[in-house]
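Participant:
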Amino acid sequence: MSLEQRKAKKAQKMKKRFIFRSIILIVMLAAIVYALVANFNKDKSIYRAGDVAPDFKLEQINSHNELESIQLSDLKGKGVMLNFWATYCKPCEAEMPFMEKLYPEYKEKGIEIVAVNLDVNTLVVDRFIDKYDLTFPILPDHKEQVMDLYKVGQLPSTFFIDESGVIVDKVDGALTLENLEKQFQKILPKK
Amino acid sequence: MDKIKCDCGHVNPEGTVLCEACGKPIEGNQHIDGNDHKKLLNMRYEGSARRSKTYTNSIVDKIWSFFSSVKVGVWLIVIALIASALGTIYPQAQYIPPEAISRDPAVYYEATYGLTGKIYYQLGFHELYSSWWYMILLALIGVSLVICSLDRYIPLRRALKKQKPKRHETFIKRQRFFSETDDVTKEEIKRVKENLKQQRYQISEENGHVLAEKGRFSRWGPYVNHIGLIIILIAALLRQTPLLFLDEYVWVREGEQTVIPGTDGEYYIENKKFILETYSEEDGEIYKKALEKQEEMVPKNFQTNAVIYKKKGEAVVGAEPELEVVKETEIRMNEPAKIGNGFTLYQAGYQLNEFHTMSFKVHRTDDKNQEALATFTVNMNDPESIYEFDDGLKVKIDQYYPEYELDNGEPRSVSKFPRNPAFVFLIYPPNETKPEVSFVGIGKNIDPTNENEYKLGIVDFDMRNVSGLTVRKDYTLPVFIVGALIFMIGVIQGMYWQHRRIWIHPKGKGVLLAAHTNKNWHALKQNIEKALANTSLNIVEDQQELDNDVSKQGGES
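Chains A and B, in that order, give the protein sequences. The first sequence maps to residues 2 to 192 in this note's numbering. The second sequence maps to residues 183 to 739 in this note's numbering.
1. So A/E145 contacts chain B; which residues on that side make the cut at Cβ distance below 7 angstroms?
2. How would you list, in chain order, the residues of chain B whose beta-carbon sits under 9 angstroms from the beta-carbon of A/F19?
3. Identify, in the order they occur along the chain, each residue of the same chain with its Cβ nearer than 6 angstroms to the Cβ of B/K543, setting aside the five sequence neighbours on each side.
4. Between B/I568 and chain A, is any beta-carbon pair separated by less than 8 angstroms?
5. How would you list, in chain order, the residues of chain A whose beta-carbon sits under 9 angstroms from the beta-carbon of B/I579?
6. Which residues in chain B sit within 8 angstroms of A/I25, going by Cβ to Cβ distance?
7. Can you list the residues of chain B that A/M29 reaches, using a CB-CB cut of under 9 angstroms?
8. So, helix, strand or coil for B/W315, using DSSP?
9. Taking the alpha-carbon positions, what's the A/Y151 to A/T159 distance?
10. Can you check which of these residues, B/T298, B/F399, B/Q357, B/M479, is closest to B/I671 by C-alpha distance?
11. The alpha helix (DSSP H) with B/N377 in it runs from where to where?
12. Could you tell me whether any Cβ in chain B is nearer than 8 angstroms to the Cβ of A/Y48?
13. Exposed or buried, what is B/D589 when buried is set at 16 or more other beta-carbons lying within 10 Å of its beta-carbon?
14. Please name the residues in the region 81 to 97 of chain A whose beta-carbon is closer than 9 angstroms to at least one beta-carbon of chain B, in chain order.
15. Just the Cα atoms here: how many angstroms apart are A/A31 and B/M515?
16. For the alpha helix (DSSP H) containing B/Q675, list its first residue and its last residue.
17. A/K16 CB to nearest chain B CB: under 8 angstroms?
18. Which chain A residues sit within Cβ distance under 9 angstroms of B/S266?
19. Run through the DSSP bridge pairs and tell me what B/H687 is partnered with.
20. Counting contacts by CB-CB distance shorter than 8 angstroms, is B/P565 in contact with chain A?
21. Using a Cβ cut-off of 8 angstroms (strictly closer), state whether A/D56 contacts chain B.
22. If you compare alpha carbons, which of A/L4, A/L178, A/K191, A/Q186 is closest to A/P92?
23. Counting beta carbon pairs with one atom in the region 331 to 350 of chain B and one in the region 185 to 205 of chain B, are three or more of them shorter than 8 angstroms?
24. Report yes or no: is there a C-beta of chain B within less than 8 angstroms of the C-beta of A/I33?
25. Spatial neighbours of B/L575 within its chain, please: C-beta separation below 6 angstroms, excluding the five flanking residues on both sides.
26. Are the Cβ atoms of B/W685 and B/I354 separated by less than 8 angstroms?
27. Taking 8 angstroms as the CB-CB cut-off, is B/V507 touching chain A?
28. Between the alpha carbons of B/F537 and B/F456, how many angstroms are there, rounded?
29. First and last residue of the beta strand (DSSP E) that includes B/G623?
30. Please list, in chain order, all residues of the same chain as B/L534 whose beta carbon is under 7 angstroms from its beta carbon, the five residues on each side excluded.
31. Looking only at DSSP bridge pairs, what is B/V653 linked to?
32. With distances taken from CA atoms, which of B/A604, B/K578, B/D573 is nearest B/E585?
33. Who are the near neighbours of B/N720 in its chain, counting only those whose CB is closer than 6 angstroms to its CB and skipping five residues on each side?
34. Under 8 angstroms, with one C-beta from each stretch per pair, do the region 53 to 66 of chain A and the region 125 to 135 of chain A reach the 3-pair mark?
35. B/D286 touches chain A at which residues, Cβ-Cβ below 9 angstroms?
36. How many angstroms separate the CA atom of B/P565 from the CA atom of A/A87?
What follows is the structure, encoded as structure tokens:
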């Protein structure tokens with residue numbers, strides 16, 4: 002074997018090795034990217050800020066409110082506070098008076114509160130409404146369909162949705178009056 | 183320059199420690215396996231060229247040689263280990279308790295654990311196991327596994343394929359098992375070969391040099407094992423997609439219908455009945471003794487009689503969906519129900535004796551016989567506000583606590599489930615507008631004024647059970663099984679077989695004898711003793727005692 006041949010053989014071998022290694026690295030890189038993207042998308046199945054809020058329709062049971070049922074998509078053009086709550090949940094109880102306090106003022110300004118209730122019976126809800134004189138719409142989700150849709154775990158959980166139906170923020174746990182007002186400012190429809 | 187030609191004429195790749203063909207130590211490379219200060223040769227990977235230090239001119243080669251280092255692999259594992267441990271110091275974000283001051287991680291950690299909690303949150307440890315860097319760390323371990331394996335398997339296979347029966351004298355002399363015999367006849371060598379053949383050694387020869395070898399395939403054990411691990415990693419990767427894997431849980435009360443989570447609102451389940459059967463005397467004598475030892479009831483069957491529905495057509499979530507029955511089924515423990523679209527329902531939990539309905543009667547407080555003036559039944563999940571009776575008596579439910587508890591002197595409910603119901607009733611006597619207040623619960627009947635003319639009593643109640651079902655879709659399990667199986671094959675391959683080699687090296691009138699195995703040296707010695715029986719060849723001696731440092735070296739990995 003001459004030196005030339007040997008060099009050519011070596012060059013070919015190195016090329017083969019390079020291709021082999023490149024292919025394996027690319028395949029593994031692709032797998033890692035896939036894993037990360039899949040993981041990222043998994044989080045996305047939970048709706049969070051920036052996502053379009055999925056639509057739903059529920060009956061309204063608060064007798065102090067004139068609406069009979071609410072479909073979220075009908076509220077386009079308004080800022081929406083979508084609150085998940087139950088009467089037995091203490092932090093929910095804590096934030097309800099704040100919501101009621103701000104409701105009349107911000108309703109004028111184009112914000113609607115949609116409080117999805119997760120109790121089983123309406124009697125306790127009615128009593129609760131009377132206790133705090135709530136006037137915003139209360140929607141019972143007896144089959145927990147909307148809760149499942151929004152992947153709500155523990156209560157309370159609140160989504161702030163802007164006039165175009167996009168979630169601006171999600172708050173887990175109770176809101177203070179101050180925080181609530183700040184959130185309302187963020188979803189105030191522009192005129 | 184790049185390749186090393188050995189005295190025997192074989193051309194070795196650069197980085198080779200022991201000539202692939204004859205085993206002669208290659209000068210200048212002995213430090214790689216630490217042979218330079220030892221009598222015995224390190225036989226790991228046959229002294230083949232690894233880590234390919236010469237081909238690091240391109241970025242691909244640089245990445246490759248980085249990951250091909252076992253040291254890097256071990257460090258990655260150590261880092262992952264430390265990181266995983268750190269994640270357990272405080273609860274992960276998903277486990278923040280519902281009664282926490284705030285479930286917002288930004289607030290919770292600092293408020294609960296102070297400064298360390300704040301640092302914990304700021305470093306992102308509250309979501310450690312799903313953080314991108316943790317996932318990348320695990321992925322890098324996978325990459326290291328693949329490249330380390332390839333970078334060892336290929337040269338090792340090459341070295342074992344290229345090996346020649348004729349070995350260099352130095353190689354022979356520096357083996358752990360070695361003996362030298364001065365005068366040996368051809369007959370004797372022939373007999374040794376026969377004996378080795380009988381012990382199922384494969385004999386190859388070259389100019390009187392003999393190599394007897396068996397169990398080479400056990401050397402591939404670790405690599406087969408790694409292939410299994412990689413398949414398991416791939417399966418874990420596939421689990422990330424909800425298309426292939428889903429795991430949810432649903433509680434269904436008897437007589438209720440609910441959406442099955444994870445099915446995107448496609449499927450609904452109705453619980454017709456939950457059955458818990460226990461062993462009793464009727465089950466026969468054979469259980470008697472065992473049951474006597476048990477103080478509590480021994481469950482025999484957990485079962486949910488369920489109806490599965492599928493949504494027909496498109497409907498807005500929340501609006502009453504149009505449903506069609508998919509199947510009526512009995513879900514028992516270990517007998518799950520397949521409901522379609524890859525979903526399976528498993529009996530996984532239960533809650534007994536939730537109150538369903540309760541019947542009350544109204545009687546006069548001073549009536550010794552407690553004769554009922556009126557009776558009514560309250561549905562715990564849908565109580566009516568007012569119960570009116572013929573004589574003008576009215577009972578109003580003022581407050582209802584499904585799971586009653588006193589909280590700082592104030593009655594409240596801790597859940598929506600009627601596990602311990604209690605009521606505040608307002609009783610309006612006929613033609614009265616001022617009601618009497620009465621508090622009735624389980625084992626409680628309180629008249630706050632002590633002046634009530636009417637009293638309420640519980641006459642009857644009806645309980646119902648709740649069934650807990652796991653909803654699962656898992657297409658990745660077969661991949662896990664294949665990976666685990668291959669892993670196990672690799673373990674067995676490497677564990678129960680050993681790669682044994684015996685070299686006979688003629689020298690003058692006599693022979694040098696050397697032997698090597700990757701484990702179980704004792705058995706190898708027995709093989710040799712059996713082969714050398716009735717010959718003048720000297721039994722090999724274990725040279726390790728002369729070279730204690732070698733014993734610290736581990737096996738291949």
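For every residue, glycine included, the Cβ atom is placed at its ideal position computed from N, Cα and C. What you are looking at is a predicted structure, and each value in this text was computed from that prediction instead of being measured.
Facilitator: Result, derived from the coordinates:
1. T440, V441
2. Y237, S240, V242, D243
3. A554, T557, G639, V641
4. no
5. L124, R128
6. V328, I329, L332
7. A321, G324, V325, V328, I329
8. helix
9. 10 angstroms
10. B/F399
11. 368 to 380
12. no
13. exposed
14. A87, T88, Y89, C90, K91, P92, E94
15. 40 angstroms
16. 659 to 678
17. no
18. Within 9 angstroms Cβ-Cβ: nothing; B/S266 doesn't reach chain A, min ~17 angstroms.
19. B/L694
20. yes
21. yes
22. A/L178
23. yes
24. yes
25. A556, P612
26. yes
27. no
28. 14 angstroms
29. 618 to 623
30. L458, N647
31. B/E430, B/L527
32. B/A604
33. S361, T363
34. yes
35. V172, D173, G174
36. 17 angstroms
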